[in-house]
Amino acid sequence: MKRLSAVLVPPPDPAGRPSDWQQVAESWKTAFPSDYRDFLDVFGAGTIDDYLVLATVLDHDPNVQESTVGDLTDVARSLHEEHSDWPYPVWPRDGGLICWGATIDCGVLYWETTDSDPDRWPVVVRNREGDFTRFDFGMAEFVLRMLGPSGDRPLESPRLYGAPNSRFLNRADERRIKAAGGDPWEYLEELFEANEADDYDTEDGR
Numbered sequence: 000m001k002r003l004s005a006v007l008v009p010p011p012d013p014a015g016r017p018s019d020w021q022q023v024a025e026s027w028k029t030a031f032p033s034d035y036r037d038f039l040d041v042f043g044a045g046t047i048d049d050y051l052v053l054a055t056v057l058d059h060d061p062n063v064q065e066s067t068v069g070d071l072t073d074v075a076r077s078l079h080e081e082h083s084d085w086p087y088p089v090w091p092r093d094g095g096l097i098c099w100g101a102t103i104d105c106g107v108l109y110w111e112t113t114d115s116d117p118d119r120w121p122v123v124v125r126n127r128e129g130d131f132t133r134f135d136f137g138m139a140e141f142v143l144r145m146l147g148p149s150g151d152r153p154l155e156s157p158r159l160y161g162a163p164n165s166r167f168l169n170r171a172d173e174r175r176i177k178a179a180g181g182d183p184w185e186y187l188e189e190l191f192e193a194n195e196a197d198d199y200d201t202e203d204g205r
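Residue numbering for the sequence shown follows numbering that gives the first Met the number 0, beginning at 0 and increasing consecutively.
See below:
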C-alpha cells in the first residue's frame, strides 16, 4: 500500500470497505487476499481514470460503483455455463474464479483460487475476445503495474495514464464533483491533448 499510495492518492473517506472482514469470510466461505483487504481499507472501491474498476465485496453501497465482487462473479458463472471452453471453473467450485474488477473496454479481472492461501492467488484476465491470461502476482501488484511504464503493464491500456497523472474516484467523489457543476474526468481530456501534442512534436522532429 505504501507503493500504491505513492503513485495514486487515496480518497479521504474510502467507500466500500467492510467493517468486518471475518463476516465477509464467513459469507463467502473463504478469506480474501490481504492486499485486497488493505486496498479497500485505504482506497475503498471505485475507478481509476474512468477505466479500471475496483469492486467491493459489499453487496449494496450507494457510494461505490454498481459492480460488486458478487455481481461480477455471478456474471462469470453465467458465462461459464454458456461457454464450455472456459479453462477455469467459477466460484464456488473448487479453485474457481472470483472477480474483483473490470476495465471499461470489457476486460474482466479475477483471482484463481486454487491455492488454499488467498495471498497466493494469482490474477487471471479475460479480454473482450474471451481469451484468458494468468499473471503470477496479486491484485495490488497488478494495479501498481498498470500505473507504471506502459511497456511493463500487464494489459495495454491507452485510457490509463499511470503515475503521476492517474486518479482514483469512488461514486461519492463523482457525485460530489458533478453536483458542483464539474466533470470528474475532465483531466483526462487535458492529458489526452497534452499527449497528442507531444506525439506531434516528436513526429515533426522538434
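Using N, Cα and C, we set each Cβ at its ideal position, and we do this for glycine too.
In this text the structure is predicted, and so the values were computed from the model without any measurement.
Between the alpha carbons of residue i and residue j, how many angstroms are there, rounded?
i	j	result
Val41	Asp84	38 Å
Asn169	Thr113	31 Å
Ala196	Pro9	Low per-residue confidence applies at Ala196: pLDDT is 42, beneath 50, and the placement is therefore not dependable, though the value from the model is reported in the following sentence. Spanning the two alpha carbons is a distance of roughly 30 Å.
Trp50	Asp116	First, the residue type needs correcting, since residue 50 is Tyr and not Trp in the sequence shown. Taking the straight line joining both Cα atoms gives about 30 Å.
Pro86	Asp172	38 Å
Trp99	Glu192	32 Å
His79	Gly45	26 Å
Glu189	Ala24	42 Å
Ala54	Val122	14 Å
Gly129	Ile97	16 Å
Arg16	Arg175	19 Å
Glu180	Val89	Rather than Glu, the amino acid found at residue 180 in this sequence is Gly. Near 42 Å, if we compare the C-alpha coordinates of Val89 and Gly180.
Rank the options by C-alpha distance to the C-alpha of residue i and give the top, closest one.
i	options	result
Val56	Thr132, Val89, Gly45, Gly69	Gly69
Tyr186	Asn164, Gly15, Ala101	Asn164
Pro91	Ser26, Pro13, Pro17	Ser26
Arg119	Gly94, Ala162, Ala178	Gly94
Arg166	Trp184, Val123, Asp151, Leu39	Trp184
Leu7	Lys28, Ala14, Ser18, Ile47	Ile47
Val52	Ser156, Glu81, Ala178	Ser156
Where does residue i sit, in a helix, a strand or coil, going by DSSP?
i	result
Leu96	strand
Thr72	helix
Phe136	coil
Leu39	helix
Leu51	strand
Gly150	helix
Leu159	coil
Leu168	strand
Val8	coil
Asp19	coil
Asp114	coil
Lys177	helix
His79	helix
Phe31	coil
Met0	coil
Please name the residue or residues paired with residue i in a DSSP beta bridge.
i	result
Arg125	Val107, Phe131
Ala249	This structure does not reach residue 249, given that the chain is present from 0 up to 205, and the question cannot be answered.
Ala101	Val52, Val107
Val89	Leu96
Thr67	Thr55
Next item on the list: Inspect the CB distances between the stretch 16–36 and the stretch 72–80 and report whether three or more fall short of 8 Å.
Entry: no
Notebook entry, point to check: How do the stretch 141–148 and the stretch 2–18 stand: do at least 3 beta-carbon pairs fall below 8 Å, yes or no?
Noted result: yes
Next item on the list: Determine, using beta-carbon pairs with one atom in the stretch 94–112 and one in the stretch 123–138, whether at least three such pairs fall under 8 Å.
Entry: yes
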